[in-house]
Each structure stands twice: as structure tokens, then as C-alpha cells.
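Novice: Sharing a structure with you now.
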Amino acid sequence: MDLRDLYQDIILDHGRSPRNFRVLAAPSHFAHGHNPLCGDKVTIFLRLEGERIAEVSFEGKGCAISTASASLMTEIVLNKTLAEAEALFGHFHGTVTSDTASELPDALVEDGERLQPLAGVKAYPARVKCATLAWHTLEAALNGGGPPVPVKTE
452 MDLRDLYQDI
462 ILDHGRSPRN
472 FRVLAAPSHF
482 AHGHNPLCGD
492 KVTIFLRLEG
502 ERIAEVSFEG
512 KGCAISTASA
522 SLMTEIVLNK
532 TLAEAEALFG
542 HFHGTVTSDT
552 ASELPDALVE
562 DGERLQPLAG
572 VKAYPARVKC
582 ATLAWHTLEA
592 ALNGGGPPVP
602 VKTE
């Protein structure tokens, strides 16, 4: 099995059996995201304890890439600080939109590597929005909290 096959298997696995796919009972922060180009919709739920993401989940309907990205994201940002989550978002966004991704601190390098299966969407600009929707929605939840926050994936 080559690396592309492995990455495809990871995306399909998370797309078919997403992790943390549920409504969080008592979120301290949440936001709704929508990609009008393809119809993907996601809601990110967070429960923060101080500056740490104590619980994270999502619900929504979208393509395999959108769902897999949200699933991977929830696994990766769980128990991270807000600053770490922001660093991971910046790194991921750079990975899928440009030739240079931001450097991650040593403690987050492994998490950044777990996002590599989604890096291939860079070759398909319309799919970049699918991969980044959950991340933009996470950022909106962290910055807005509470009522629905409209999300743009640009």
C-alpha cells in the first residue's frame, strides 16, 4: 500500500465513521458553518475549561472530506490550549492553501502530521473549502461562542 492509498483510507474511515459526531450537552462555545458552494454544513461544539478545550464535538452533513476533516480536527484539538488550537488551524490552513505551512512547536508536530491525509485537497481548489470548513467554524466558535456565527471559508 502506498502513502496515497493510506491517506485515502484514513479519509474514508473518518468520513464513514466520524469521531466525536454528536451534540455536546452543555457547550460553552459553538458555531455553525456552511459552504454554500457544495452544501456542506457543520456545527462545532466546545466546552472550555479555562484556556483548554475540555470537550469538542460536531454534527452536520457534508462530503467525505468535510466530515473527515471535522472528525480529525476534533480528535486533534481535544485537550489543547486555545493557542495550540490556533497554531494547528494556521498550520492546516497553510498546508491546504499554499506551498508553505506555518511551523509548529515540537509538541504539536505529531498532530500536524496526522492532518497530512487532507493535504492533497490543495490540488483541487473547490475541495479546499470542504477541508477547511470545520476549522473555520472552530475558529468562529473560539472567537464568538454562544449564538450561531456565520462562517466563510475564504
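Start counting at 1 in the sequence shown, then tack on 451, and there's your number in the working numbering. Every residue, glycine too, gets a C-beta built ideally from N, C-alpha and C.
Report the option in Leu589, Ser517 and Glu500 whose CA atom is closest to the CA atom of Asp491.
Specialist: Among Leu589, Ser517 and Glu500, the Cα nearest to that of Asp491 is on Ser517.
Novice: Quick one, which of Ser522, Leu593, Ala577 and Glu535 has its alpha-carbon nearest Ile461's?
Specialist: The shortest C-alpha separation from Ile461 is found at Ser522.
Novice: What first and last residue would you give for the alpha helix (DSSP H) that runs through Gly595?
Specialist: First-last of the alpha helix (DSSP H) with Gly595: Pro576 to Gly595.
Novice: Quick one: using the 10 Å Cβ neighbour count with 16 as the cut-off for buried, is Glu554 buried or exposed?
Specialist: Exposed, since its Cβ has fewer than 16 Cβ neighbours within 10 Å.
Novice: Work out the CA separation of Asp456 and Glu590 for me, nearest whole Å.
Specialist: When rounded, the distance between both Cα atoms is 30 Å.
Novice: Residues in the same chain with beta-carbon distance under 8 Å from Val572, minus the five sequence neighbours each way, listed in chain order, please.
Specialist: So the qualifying residues of the chain are Ile516, Val547, Arg578, Val579, Cys581 and Ala582.
Novice: Start and end of the alpha helix (DSSP H) containing Gly545?
Specialist: Its alpha helix (DSSP H) spans residues Leu533 to Thr548.
Novice: Is the separation between the beta-carbon of Val507 and that of Leu529 shorter than 8 Å?
Specialist: Going by C-beta atoms, Val507 is nearer than 8 Å to Leu529.
Novice: If the criterion is Cβ atoms closer than 8 Å, does the pair His542 and Gly563 meet it?
Specialist: Against a cut-off of 8 Å, the Cβ pair of Gly563 and His542 comes out as a contact.
Novice: Please classify Ala505: does DSSP put it in a helix, a strand, or coil?
Specialist: It is a strand residue.
Novice: What are the partner residues of His483, as DSSP defines its beta bridges?
Specialist: Note: His483 sits in a beta bridge opposite Thr494.
Novice: Tell me the rounded alpha-carbon separation between Pro469 and Gly513.
Specialist: Straight-line Cα distance between these residues: approximately 12 Å.
Novice: Return the chain-ordered list of same chain residues with a C-beta closer than 6 Å to the C-beta of Ala505, the five sequence neighbours on each side being excluded.
Specialist: Excluding sequence neighbours, Ala505 sits near Arg498.
Novice: Name the residue from His544, Ser549, Ala534 and Asp550 whose alpha carbon lies nearest to the alpha carbon of Ala558.
Specialist: Ala558 has its Cα closest to that of Ala534, out of His544, Ser549, Ala534 and Asp550.
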